[in-house]
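The opening residue of the sequence shown carries number 1 in full-length UniProt numbering; numbering runs sequentially from there. See below for the structure under consideration.
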Amino acid sequence: MTLVIGLTGSIATGKSTISKLFNQHSIPVIDADVIARRVVEPNQPAYKKVVRAFGENILDDDLTIDRPKLANVIFHDPNKRQELESIVHPEIIDQLKKERDALIKENVPLIVLDIPLLFEKKLDDLVDIVLVVYTEKSKQLKRLIDRDHFSKEEAQKRIDSQISIDKKAQKADVVIDNSASLEQTKHQFDRLLNQWLNGKGNE
């Protein structure tokens with residue numbers, strides 16, 4: 001029987017670190033961000049809808065969608081964000097389910113759905129166990145400023161646009177605390193992975 005893990009967190013909490021650890025252990029990871037990029041490629045149905053809704057000024061010279069330009073538009077306009085989500089999210093969910101179900105048919109013991117906005121979009125019913133990658137708020141803010149070169153105010157706005165990491169941790173079945181060293185994070189990860197591969201669920 002396949003166990004489906006939903007991997008989530010908040011911006012700059014270290015979710016990609018855990019995703020890489022799963023990959024290193026040859027656990028299949030279905031990445032919602034990768035699917036989100038794929039569904040708006042020029043040959044996909046959502047592409048025309050997005051261009052029609054947002055105009056050709058969001059396109060690069062090669063006619064692909066310029067993601068930073070589009071992100072800037074929707075970040076400052078909640079209505080535009082909603083419009084984009086109504087176009088792309090059904091496509092993303094459909095692809096997530098297809099890829100998950102294909103792996104389940106192959107009797108893969110453990111698969112991971114890497115979904116940044118799992119709680120925000122109420123997608124926890126797609127998985128058996130929700131794993132949240134947690135980081136203390138002060139470290140989350142510092143990591144985001146260092147990584148993306150945002151001002152403190154801009155970084156805080158990005159963090160505030162999502163459900164807080166504390167609330168996500170409360171809703172999770174399992175939490176990995178990524179506030180300290182990578183070695184400590186790996187130790188927590190290895191313990192959980194052994195449990196899951198030995199059929200012990202989220203004990």
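The C-beta atom is built at its ideal place from N, Cα and C for all residues, glycine as well. No experiment lies behind these values; they were computed from the predicted model shown.
Decide if residue i is buried, meaning its Cβ has at least 16 other Cβ atoms within 10 Å, or exposed.
{"i": "Arg52", "result": "exposed"}
{"i": "Arg100", "result": "buried"}
{"i": "Lys15", "result": "buried"}
{"i": "Ser161", "result": "exposed"}
{"i": "Ala155", "result": "buried"}
Could you give the distance in angstroms between the alpha-carbon of residue i and the alpha-carbon of residue j?
{"i": "Tyr134", "j": "Pro42", "result": "36 Å"}
{"i": "Leu113", "j": "Ile5", "result": "6 Å"}
{"i": "Pro45", "j": "Ser179", "result": "41 Å"}
{"i": "Arg67", "j": "Ala169", "result": "29 Å"}
{"i": "Asp77", "j": "Gly199", "result": "45 Å"}
{"i": "Lys98", "j": "Asp125", "result": "15 Å"}
Quick one, are the C-beta atoms of residue i and residue j less than 8 Å apart?
{"i": "Thr8", "j": "Leu96", "result": "no"}
{"i": "Ile165", "j": "Lys137", "result": "yes"}
{"i": "Thr17", "j": "Gln140", "result": "no"}
{"i": "Ile115", "j": "Leu103", "result": "no"}
{"i": "Ala172", "j": "Leu123", "result": "no"}
Would the C-beta of residue i count as close to the ligand NAD, meaning under 7 Å from any of its heavy atoms?
{"i": "Asp177", "result": "Only the bare structure without any ligand can be found here, which leaves the ligand NAD out of the picture."}
Could you give the residue range of the alpha helix (DSSP H) that holds residue i?
{"i": "Ile176", "result": "That residue, Ile176, is in no alpha helix (DSSP H); its beta strand (DSSP E) goes Val174 to Asp177."}
{"i": "Ile27", "result": "From DSSP, Ile27 is part of no alpha helix (DSSP H); its letter is neither H nor E."}
{"i": "His187", "result": "Leu182 to Leu197"}
{"i": "Ala46", "result": "Pro45 to Phe54"}
{"i": "Glu99", "result": "Pro78 to Lys105"}
May I ask you to list the residues that DSSP assigns as paired with residue i?
{"i": "Ile5", "result": "Val112 and Ile129"}
{"i": "Ile65", "result": "Leu59"}
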